[in-house]
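A short write-up of the structure that comes next.
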Amino acid sequence: MAMARTLRIVLSLVMLHFLIVENHATTTTEAPAPQPPRQMELLKAAFNLKCCAKCLCVPPGTYGNKQFCPCYNNWKTKRGGPKCP
């Protein structure tokens, strides 16, 4: 009887140990490192700076509204596409 009680206590302690180790392993993981910007994003940023320097204005908002800054709207590439993003 004492042997069964001792075995039960030992098994309980082993299970408690595994639960603590598992909890510790899941809470100490670090966040992944941020990804470096892609080449296309760098090119867009470079063109955006070029457009800003030449036109001396930036359209409001995050997308569109090029009509408020004619230079952004009218500056074209050799193929006829918009030069400014």
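Heads up: the sequence shown is residues -25 to -1, 1 to 60, going by mature numbering (1 follows the signal peptide of the UniProt record, and there is no 0). Ideal placement from N, C-alpha and C gives every residue a C-beta, glycine not left out. As the structure is a prediction and not an experimental result, all values here were calculated from the model.
*Go ahead and label Y38 buried or exposed: buried means 16 or more other beta carbons lie within 10 angstroms of its beta carbon, across all protein chains shown.*
exposed
_At the level of alpha carbons, what is the spacing between Q42 and Q14?_
28 Å
*asked:* Given a cut-off of 8 Å on the beta-carbon distance, is the pair C59 and C32 in contact?
replied: no
*Which of the three DSSP states, helix, strand or coil, is assigned to P45?*
helix
*asked:* Once the 5 residues before and after K51 are set aside, which same chain residues still bring their CB inside 7 Å of it?
replied: P57, K58
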